[in-house]
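Contents: one structure, followed by commentary.
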Amino acid sequence: LRNLIYLSINHNQLTVIPTELCSLVNLSELHLNYNQIMCIPEEIKLLKNLQQLLLARNNIEEIAISYVVGSSPSFDLEAQPLVRL
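Structure, rendered in C-alpha cells:
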C-alpha cells in the first residue's frame, strides 16, 4: 500500500480521517467526500506528496489556518458547517 497514489473513500459514513492513512507517503489524491468527518488530523501534514484533498459534504466545523495557508494540496471544503478558520 505504500505505493498507493490515489484513494477514494467517498460515501462511507466516516467520522474521522484514519491516521493510518498518513503512512501512505506516496498518496497524491485523497477523496473523502460525503462522509461525517468533523476534523482534519494534524498527521495529514505527513502526506508530503498530497496534491488534492477533497472533503466536500462533511461536518467540518473548524480547520486550522495552517492547513490552508501555505499548504501545497488543493482543498475542496464545499458545504461545510465551518464555524471558524
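Going by this note's numbering, the sequence shown opens with residue 21, and the numbers climb by one from there. Yeah, the Cβ is synthetic: ideal placement off N, Cα and C, and Gly gets one too. None of these values were measured; they are calculated from a predicted model.
Reference residue 50; option with closest CA among 59, 35, 62, 67: 67
9 Å Cβ cutoff met for residue 47 and residue 25: yes
Spatial neighbours of residue 63 in its chain, beta-carbon cut-off 6 Å, leaving aside the 5 residues before and after: Correct list, in chain order: 39, 42.
Between the CA atoms of residue 76 and residue 53 - distance to the nearest angstrom: 5 Å
Residues near residue 61 by beta carbon distance below 7 Å, same chain, minus five either side: Result list for residue 61: 37, 39, in chain order.
Within 9 Å, strictly: CB atoms of residue 29 and residue 55: yes
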